[in-house]
Amino acid sequence: EDEMRALLAKAEALRHKLTGMIEDDVKAFDAVMGAYGMPKETDAEKEKRSTAIQDALKLATDVPLRCCHAAREVIDLAAVASAKGNLGVISDAGVAVLAAYAALRSAALNVYTNAKIITDKAYADAKLKELETLLAGAEGATEDSYELVKGKLS
20 EDEMRALLAK AEALRHKLTG MIEDDVKAFD AVMGAYGMPK ETDAEKEKRS
70 TAIQDALKLA TDVPLRCCHA AREVIDLAAV ASAKGNLGVI SDAGVAVLAA
120 YAALRSAALN VYTNAKIITD KAYADAKLKE LETLLAGAEG ATEDSYELVK
170 GKLS
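Per my numbering: the sequence shown = residues 20 to 173.
Next up, the structure:
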């Protein structure tokens, strides 16, 4: 019971963090759109615009990458809940792991999209490597939790 209470506290903290990331994502998207909308008539304007675009793309890569980290944490927490949770609500653990996996992969698409057009290749490659680490094993962990829950419900 103590372990499940601690898991619930971690899950609640992650829920708040992920909810806040929605606003962060909107701000990052707005920054990218604002940068692309900057004037580009003179060389100075073009340079300023280019720098703003690259800065905004880095932000628009970092925000979904943070979401990927949080989603991966949810997958790991759901695995524990799937194994040890109350049978009366065990399906919630199955739903949580599936939703977290969808969130992880959805946010990953944004990381791939933005990293592709960042001109600082060392930065982009580091972010993609970080993402691949988060994705590694996530599908298997998700499927294991899903099958465990399904088995307990059968």
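Just so you know, even glycine gets a beta-carbon here, dropped at the ideal spot from N, CA and C.
Exercise for the section: Ignore the nearest five residues each way along the sequence and tell me which others in Ala47's own chain have a CB closer than 6 Å to its CB. Expected result: Leu78, Ala79, Val82
Practice task
Please report the Cβ distance between Ala155 and Ala143, rounded to the nearest whole angstrom; I am assuming they are in contact, meaning their Cβ atoms lie under 8 Å.
Solution key: In fact, because the Cβ distance is near 19 Å, the residues do not count as touching under 8 Å.
Practice task
Taking 8 Å as the threshold, find out whether the region 35–45 comes into contact with the region 81–98 through three or more Cβ pairs.
Solution key: Flag = yes, the region 35–45 and the region 81–98 touch.
Practice task
Sort Leu153, Ala30, Lys140, Ala115 by Cα distance to Val168 and report the nearest one.
Solution key: Ala115
Handout entry: Given 8 Å, three or more beta-carbon pairs between the region 116–136 and the region 54–67
Key = no
Exercise for the section: Closer than 8 Å by C-beta to Leu106: which residues in its own chain qualify, once you throw out the five before and the five after it? Chain order, please. Expected result: Lys171
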